Every structure is written in structure tokens, then in C-alpha cells.
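Residue numbers (the numbering used here), protein chains in the order written: chain L, 451 to 550; chain B, 32 to 139; chain U, 11 to 534. Ideal placement from N, C-alpha and C gives every residue a C-beta, glycine not left out. Here the structure is a predicted model, which means the values were calculated and not measured. To keep things clear, I will list the structure first and then write my remarks on it.
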Amino acid sequence: MKRKTSLPVSYRLAVTSRLLAAVVGGYLLASLASVCMALWLPTSRADAVISGMLSSFVFYLLAVIWCFACRSAWRAWVGVLLPSAVLAAFAGLAYWMART
Amino acid sequence: MFLALLLCYTGFTALCMSMDRHHGELLRRKLSTGRRVGLRAAGWALLIVSIWPAVHATGWAQGLVEWCAVLMLSALLLVLLLPYRPRLALTLAGIGLLASPVAAFATL
Amino acid sequence: MKEGFRQAMAWLHTWAGLIFGWLLFAIFLTGTLSYFKDEITHWMQPEVQAHPIDDARSLAVAQAWLQQQAPTAARWFIDLPDHREPSLTVSWQAKVDPGKRGDFTQKVLDPVSGQPVQARESMGGEFFYRFHFQLQMPHPWGRWLSTISAMVMFIALITGIITHKKIFKDFFTFRPRKGQRSWLDGHNAVGVLVLPFHLMITYSSLVIFMSMVMPASIVASYGNDTRAFFNDVFPATDNAPALGQPGQLVPLGPLYDQARAQWAGGHVGRVVVNNPGDVNASVKVMRAGADRVVHDFGSTVSFNGTTGQLLRVSGDQSLPQVIGGSFYGLHMGHFAGPVLRWLYFICGLAGTAMIGTGLVMWLGKRQLKHVKSGVMPFELRLVEVLNIASMSGLMIAIAVFFWANRLLPVGFAGRSDWEVQAFFVAWGLTVLHAIFRRGRQGWVEQLSLGAVLFIGVPLLNALTTSQHLGVSLAKGDWAMAGFDLTCLGSGVFLAWAAWKMQRRNVAQPKAERAQSLVFKGEVN
Numbered sequence: 451m452k453r454k455t456s457l458p459v460s461y462r463l464a465v466t467s468r469l470l471a472a473v474v475g476g477y478l479l480a481s482l483a484s485v486c487m488a489l490w491l492p493t494s495r496a497d498a499v500i501s502g503m504l505s506s507f508v509f510y511l512l513a514v515i516w517c518f519a520c521r522s523a524w525r526a527w528v529g530v531l532l533p534s535a536v537l538a539a540f541a542g543l544a545y546w547m548a549r550t
Numbered sequence: 032m033f034l035a036l037l038l039c040y041t042g043f044t045a046l047c048m049s050m051d052r053h054h055g056e057l058l059r060r061k062l063s064t065g066r067r068v069g070l071r072a073a074g075w076a077l078l079i080v081s082i083w084p085a086v087h088a089t090g091w092a093q094g095l096v097e098w099c100a101v102l103m104l105s106a107l108l109l110v111l112l113l114p115y116r117p118r119l120a121l122t123l124a125g126i127g128l129l130a131s132p133v134a135a136f137a138t139l
Numbered sequence: 011m012k013e014g015f016r017q018a019m020a021w022l023h024t025w026a027g028l029i030f031g032w033l034l035f036a037i038f039l040t041g042t043l044s045y046f047k048d049e050i051t052h053w054m055q056p057e058v059q060a061h062p063i064d065d066a067r068s069l070a071v072a073q074a075w076l077q078q079q080a081p082t083a084a085r086w087f088i089d090l091p092d093h094r095e096p097s098l099t100v101s102w103q104a105k106v107d108p109g110k111r112g113d114f115t116q117k118v119l120d121p122v123s124g125q126p127v128q129a130r131e132s133m134g135g136e137f138f139y140r141f142h143f144q145l146q147m148p149h150p151w152g153r154w155l156s157t158i159s160a161m162v163m164f165i166a167l168i169t170g171i172i173t174h175k176k177i178f179k180d181f182f183t184f185r186p187r188k189g190q191r192s193w194l195d196g197h198n199a200v201g202v203l204v205l206p207f208h209l210m211i212t213y214s215s216l217v218i219f220m221s222m223v224m225p226a227s228i229v230a231s232y233g234n235d236t237r238a239f240f241n242d243v244f245p246a247t248d249n250a251p252a253l254g255q256p257g258q259l260v261p262l263g264p265l266y267d268q269a270r271a272q273w274a275g276g277h278v279g280r281v282v283v284n285n286p287g288d289v290n291a292s293v294k295v296m297r298a299g300a301d302r303v304v305h306d307f308g309s310t311v312s313f314n315g316t317t318g319q320l321l322r323v324s325g326d327q328s329l330p331q332v333i334g335g336s337f338y339g340l341h342m343g344h345f346a347g348p349v350l351r352w353l354y355f356i357c358g359l360a361g362t363a364m365i366g367t368g369l370v371m372w373l374g375k376r377q378l379k380h381v382k383s384g385v386m387p388f389e390l391r392l393v394e395v396l397n398i399a400s401m402s403g404l405m406i407a408i409a410v411f412f413w414a415n416r417l418l419p420v421g422f423a424g425r426s427d428w429e430v431q432a433f434f435v436a437w438g439l440t441v442l443h444a445i446f447r448r449g450r451q452g453w454v455e456q457l458s459l460g461a462v463l464f465i466g467v468p469l470l471n472a473l474t475t476s477q478h479l480g481v482s483l484a485k486g487d488w489a490m491a492g493f494d495l496t497c498l499g500s501g502v503f504l505a506w507a508a509w510k511m512q513r514r515n516v517a518q519p520k521a522e523r524a525q526s527l528v529f530k531g532e533v534n
């Protein structure tokens, strides 16, 4: 009878890392996407906010899928944080433009 | 809703019969290309036509919801009948085909 | 993760499905029951009499009662009866210091006598409705958990679609009596064929609590003034403050008529009176949610409470509001008539079955590796216990809830809480039972108990009330009869499932004995 081989620690760490990227990073990405839509859509304020919230979950889904489909845990984080940074920049731009 | 159900069920049966595996299982004959195309076209046509009685009775919003519900449930019914009562499944489709014009006439 | 895309998605689907599957099963089953919550309430409070609907009388009765019992309240709520919910419910919020929320009190009135209904206290179908999104947890943790579960469900659905390579080829495929293959075929069938419903119900449950779970856009656009956002979306909630001077409220009947005229025959769901005793009282007549598929939260006609003057009619919804309202309306299904409601129910059961078959398969596949040794590792044993308790255990708990309703004395104070406690105590006991009984035995015993309890419901009804099947069918009380018959059908289904489990239990040891005989023969 073969002895049960346990999964290596590095594997478990990688999975945990991807999970964090998906759950936390994904939420960040989804929130920033909704903020961008809320600030950039040419409709009324309330409508832009509603549209942002309605579509945010699709972004969350895409982030989660990316985090588990990509080739490494590092790529998972990059793939989530990079777009988040871009979206944050866009949101910041809209904020600054509204201020001035 | 009943007419939509008949049309959806018959449409799904036609689409099912247009597949090699199911055609072979149920009719024990080889599926020729002509027959496959014909059954596919008939199946899709019936499904699309079934939208009309659903929407005609209760408007677009409620009608589309009812059509979706009928679509899902007729597919479920067919798939559950096929392995246990294949003859009945086909017979119901036949009845559906014959009864549809009658039902259409009654509701209009 | 170095495998292909499909395999990675299959991995995600399997683990997301397992970890949240037990909770999602409970959410789906109680949510499906909620489509008939009014009918369940009717069965659980058989003393409530349904009268022909007379909104004018109901409104007059409600106003008189509230004027007498809560003249100084901050707000009155009057929920008018409809075809499915025959009770006239009034509630009021006590007036407290500004900035604080007053307590809510609710009373169910008889629309003919004007007095509180004398019926046994029970949450009725509302229990299942509230449970499926609040999970019996303190506010707002339950809602957060159920919405997180919805997000995981969404991921499980999409990864399931991606993983299912032969989604079109196997569209009509269902091969029973082939072991694990049949379970997979069944899981795929209830998943794919009812997919539009599953996607709708899952995404809409995210939309329903989106302001709570995804508030970033509100904060970014409105800053600290979140109240302004809600006022923009629901202008009817913007009420004139109380002036502190007493005023006489006009009769509500004519206001009701005016509102209905605005809606060209639409129905009134609720009437809200703000600051009823004040000169600045305002009345909001709100449209019934069941009028349209697209739920219009804001559809309100506002009046000045002391002069009766029409102040505002809410306008048409914008496209994003229509989309949001569509999700809400489709999820709730208020607009559904009896046939469509049953279709909703069947679709919900299909979703529940999809989750259940998935959980069974997860364990079944991994159990095969340990059949020879007969000893299951701890993790698999844990999954087995949770599978049994969350599925057959939950069904037993539901049946016990109904049994408690009929067995607890009618006049017993706090019986409503005891009904709920009976539900949870029974569920807890099924967990213990699953721990102490080995796999198959646990299933067989719990399914059998569930069968007995559910088949017993109509019998119990006949023994304890005068509304048994014979009476309800003769009267045409379809809600009451339908409940008894559905319980009967569920019991028969559980009995069949128990029998199937038992047969496989008996068949398997025989097969193993035959196998060992063959080995012995070969050795000799």
C-alpha cells in the first residue's frame, strides 16, 4: 500500500497567494472599476453610481478567473494590481478634474 | 403559456433528434445529412416561434419571463423522459406538433 | 495550476463548490420555499380568514386603529392585503430624538372587524424568506455572508460552464443507473438546462445588496453624504420634517383613489404616513411590487397629509434603474401568477439539486480510493457528515418546523420563537446523528425520518385542525391543500431516496464478497 504523499508546502503557499489575490485583489479591482464608472459615465450621478455597482461583479469574476488560470501566483498579483493601478489613476484624474 | 410549452418541447425534441447519438438510440437509423439539417432548422424555428404566443398574451416583460421558464422546463422534461420513456417522449412531441395549430387557433 | 485553463477552472469549480456548497444548499432550499412563503404562512396560521379584498375598508380600518393606538408615532405603515397575503398589516415607528431610530411595532388586523387577528403566533413562511438572506445571524453579518456565498456561486457557475467541454453535445444526455456517471449527468442536466434561471438568481442576489457590499462608487461620488444618493434614487423617501404643531390627518381613502388614477389601474401595495399627528404630515402611496416585472422601488404618489394636496408623482425610471429593478423584480418574482410561481419553484429545486449532486459527487469520487481499507481519512469523514446534515438534516429540520407549528399550544406565548428553535435543535441533532452513524446508514436513517415527518404533515394537520385535505380541497383553498399535498409528495420522494440508498447498501457487501471469493479461487 503506497504511503499517502502530502502536497508540498510551496504548492499550498502558491494556492493561498492566488486565493488572496483573487479575494482581496479582486475586490479592489471591482471597487475601482465601479468608482471609475461612477466618475466617468456621462449620465446623472445616481445613474453612474448604479451602473458602476451593477457591473462591478463581472470585474470581480474576471479577476478571480485570472488569478487561478494564470501560470504563477506572481502573475496573479500583477494581473490584478496593475489594472487596479490604472483604474485608480483614471479615477484620480476624474476627481482632480472635478475639483478644478 | 401552454402553446409556448408545446412548441418548445417539440422544438427541443427535433434538436435532440438531429444529434447522431440520440437519433441512433431512439430511431435506430443512421442520421443522413439532409435529415440532420432539416431537424435542426425545424427545432430552432419552433423554439423561436414559441416566443410569440408567450409575448402576445402578457406583453414583452412578463411574456419573455414566461417563455424562458417554459423553455427551461420543457428541456428538463424531455431530458428526464428520454432515458426512461423514450417512446413517450417522442409521442408527446408528435402530439405537440398536432395540437399546436389547435391551441393557436383557440388562443387567437 | 500548470495544467491547462480548463483544468484550472475545474479545480476552482470543485473547491469553491465544496467549501460553500453546504451553505448554498441551505440558501437555495429555503429561498425556493420562499416563493410560496405566503401560502406557507397561511397553512401555519389557519385561523386567519381571507376576506374578499376591499381596499377602501382595509384602509379605513387601518387608519382608525393607528389613530387610536399610535397617534404620536413618527411613521405609520399600512400594508394592504392581496390575493396571496390576506392579512392587513399595520406597523409604526415610535417617535424618538432626532438621529435615533425608534422601535417598530407590527400588528396584523382583521380588515372586517378592525381588531387584531386572533391567530397562533408564528413566523410562517417569513422564516424561510428571512433565513435565506440573513442566515439567522445578527445584522449585517448574515447579509454579508449570503452575498459572499452568491459571489462564490457565480464563480462556480461560470467555471462550471467553462469546464463542461461537451456542453452542447451532451445537452440532452442523461444516463441513469450508471453510478458516478449518472450523478454527473444529473448535475449537468439540472445545471445546463436551467442555466438562465441560475445565472439570473445568482447575479440578482448580488445586485440586491450591492449598495452594502460594493459601496466604493457611492462614497467616491457622494462623499460622506450617502443619504443624498438614496434620495436621488428614491425621491419619495425625502420627507418634510415635523414642525411640532398638531394637525389633523385627512382620510386616506381619497388619496388612494387619486394615486390609482395616476397609475391607470395599478395596485397599491403600501401606504406610509410620516408624522401623522403633525401639521407637516405627508402621505406616500406606494405601488404594489407585483404590478410589473421590473421592480420600481420609487413608484410613489406623495400627498400633503393635512390638506390632501398631491405633491409629487414619481417619474419614470432611468435605464440603470430599470436594469437594477429588473434584477430585483426577477429575483423576487412578485409578479408571478400561480403557474409561473410553480415554475420558479421547480427551477429553484433544480438549483438546489445541482448543488446537492455536486456535493455528493465530490465525496463519491474520493471515497472510491478508500473503499478497500474501509477507513476514511478525517477530511472525507467531515465532508460526509456535513453532506448528510446539510441536505437530509435540513429537510428534517424543515419538517420539524411544521410539526412544531401544529403541536405547540395555540395560545402559548413565545411559540413563534419556539418553532424556530425547534428547527435549529432538530438540525443540530442531525449533525450529531451523522457523526455517530456511518455514511450510508446515516443517509438511510435521516432520509427515512424525513419521509415519515413529511408524510405525517397532512395527517398531523387533519388531527389538530379542521382544515385537513378533505376540507381544503372541497373549499377550493388551494394554498392549504397544495401545502399538504406538496409535503406528501416530498415525503414520498424522500422515502424513495431512502429505499434506493438502502438497496445499494445491501448490494455492495454482496459484490465485495463475490470478489473476495474469486481471489481465493485464483490463489488455490
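Could you work out which residues of chain B lie near residue i, taking near to mean beta carbons separated by less than 8 Å?
i          : result
Val-303(U) : Ala-92, Gln-93, Val-96
Cys-357(U) : Ala-100, Met-103, Leu-104
Leu-340(U) : Val-96
Quick one: using the 10 Å Cβ neighbour count with 16 as the cut-off for buried, is residue i buried or exposed?
i          : result
His-54(B)  : buried
Ala-160(U) : buried
Ile-168(U) : buried
Lys-382(U) : exposed
Phe-15(U)  : exposed
Trp-453(U) : buried
Ile-79(B)  : exposed
Val-510(U) : A quick correction: the sequence has Lys, not Val, at residue 510(U). Result: exposed.
Val-243(U) : buried
Thr-40(U)  : buried
Ile-126(B) : exposed
Tyr-45(U)  : buried
Gly-8(B)   : Not covered by the structure: residue 8(B). The range shown for chain B is 32 to 139.
Asn-234(U) : exposed
Gly-531(U) : Here Gly-531(U) scores only 42 on pLDDT, less than 50, and its place in the model should not be relied on; the value that follows carries that caveat. Exposed, by the Cβ-count rule.
Alpha carbon to alpha carbon, how far is residue j from residue i? Give it in angstroms, no decimals.
i          : j          : result
Leu-378(U) : Cys-486(L) : 50 Å
Gln-144(U) : Leu-77(B)  : 43 Å
Leu-216(U) : Gln-255(U) : 44 Å
Pro-286(U) : Arg-67(U)  : 20 Å
Thr-42(U)  : Tyr-354(U) : 8 Å
Arg-297(U) : His-277(U) : 6 Å
Leu-69(U)  : Ala-271(U) : 17 Å
Thr-310(U) : Lys-294(U) : 6 Å
Ser-494(L) : Arg-302(U) : 25 Å
Gly-421(U) : Glu-131(U) : 8 Å
Is there a Cβ of chain L sitting closer than 7 Å to that of residue i, yes or no?
i          : result
Phe-143(U) : no
Ile-165(U) : yes
Phe-15(U)  : yes
Return no unless some Cβ of chain U is closer than 7 Å to the Cβ of residue i.
i          : result
Lys-452(L) : Note that Lys-452(L) has pLDDT 43, beneath the 50 cutoff, so the model's placement of it is unreliable and the number below is only indicative. Chain U contact via Cβ: absent.
Val-104(B) : The residue asked about is misnamed: residue 104(B) is Leu in this sequence, not Val. Judged by the 7 Å Cβ criterion, Leu-104(B) is in contact with chain U.
Phe-518(L) : yes
Met-547(L) : no
Val-68(B)  : no
Cys-47(B)  : yes
Does residue i get closer than 7 Å to chain B when you measure Cβ to Cβ?
i          : result
Val-204(U) : yes
Ala-300(U) : no
Which residues in chain U have a C-beta closer than 9 Å to the C-beta of residue i? List them in chain order.
i          : result
Cys-140(B) : Lying before the first or after the last residue shown, residue 140(B) is absent from chain B, which here runs from 32 to 139.
Val-485(L) : Ala-226, Ser-227, Val-229, Ala-230, Ser-231
Would you list the one or two residues that DSSP bridges to residue i?
i          : result
Gln-431(U) : In the DSSP output, where bridge partners are listed per residue, Gln-431(U) has none listed.
Gln-116(U) : Ser-101(U)
Asp-288(U) : Pro-256(U)
Met-296(U) : Arg-280(U), Thr-310(U)
Please list, in chain order, the chain L residues whose beta carbon lies closer than 9 Å to that of residue i.
i          : result
Gln-331(U) : Ala-496, Asp-497, Ile-500
Along chain U, which residues have their Cβ under 7 Å away from the Cβ of residue i?
i          : result
Leu-463(L) : What Leu-463(L) touches in chain U: nothing, since even the nearest Cβ is about 12 Å away.
Regarding residue i and the ligand COA, is the C-beta to nearest heavy atom distance less than 6 Å?
i          : result
Val-370(U) : Among the components modelled here there is no ligand, and therefore nothing to report on the ligand COA.
I want to verify the contact list: residues of chain B whose CB lies under 9 Å from the CB of residue i, in sequence order.
i          : result
Arg-416(U) : Those within 9 Å of Arg-416(U) in chain B number zero; the least Cβ separation is about 33 Å.
Going along chain L in order, which residues have a C-beta closer than 7 Å to the C-beta of residue i?
i          : result
Met-490(U) : Per Cβ cutoff of 7 Å: no residues; Met-490(U) is ~40 Å from chain L at best.
Mind checking if residue i is an interface residue toward chain C, Cβ cutoff 7 Å exclusive?
i          : result
Ser-505(L) : Among the chains of the structure shown, chain C does not appear; the protein chains present are L, B and U.
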